[in-house]
Amino acid sequence: MNTASAQKSFSNKELSVAGLKAAFNILDKWGCSAEQAQAILRLKRATYFKLKGDPDSANLDADQLARISMLLNIHQALRIVFENPENQYGFMKMKNHNPYFSGRSPMEVIEGGEFTKLYETFKRVDALRGGLV
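Quick note, in full-length UniProt numbering, the sequence shown goes up one by one and the last residue is 133.
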């Protein structure tokens, strides 16, 4: 049997529900406000609060799933780089003086909701795993 054919294919609904639950948990642990989370996930205010109360009703679009993927990848990189949970979850609010962040925290960079800034932040955090930043 081909390994690729043995892998389960997940529906958009399944990815949305699981991804959103994980994203809400991570964003909460990073200390995000509701407004920041809405912008980062590209959710309207009413939709955000509806999904916070009932994440099982989520059915996100490709852009929103890509945003969640970036958040999960940032989270994973931070867990690899830092053993201490305070740093794993506090890093996103810490001022960073590398050239891209210019004294801002990663959260300050991504809180506006621009996908390119989320991706660029992921690249910088991911590079920490190899000591490249």
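All residues carry an ideal CB built from backbone N, CA and C; glycine is no exception.
Minimum Cα-Cα distance from I80 among the listed residues K44, K21, R129, D61 corresponds to R129. One alpha carbon belongs to M92, the other to Q7, and they sit about 34 Å apart. The three-state reading of DSSP puts N25 in helix, counting H, G and I together. Annotated three-state conformation of N12 is helix, per DSSP.
Assignment of M94 by DSSP, reduced to helix, strand and coil, places it in the coil class. Ranked by Cα distance from A23, the options F101, A58, N87 are led by A58.
Of the residues assessed, A34 falls on the exposed side of the cut-off, its CB having fewer than 16 other CB atoms within 10 angstroms.
F101 carries a coil assignment under DSSP once its states are collapsed to helix, strand and coil. A residue is called buried once 16 or more other Cβ atoms fall within 10 Å of its Cβ, and A46, having fewer, is exposed. In the DSSP assignment, D56 falls outside any alpha helix (DSSP H) and carries neither an H nor an E. With 16 or more other Cβ atoms inside 10 Å of its own Cβ, E111 counts as buried. The three-state secondary structure of E83, taken from DSSP, is coil. Taken through DSSP and simplified to helix, strand or coil, D126 comes out as helix. Counted as a single uninterrupted DSSP element, the stretch harbouring E114 is not any alpha helix (DSSP H), since DSSP gives it neither H nor E.
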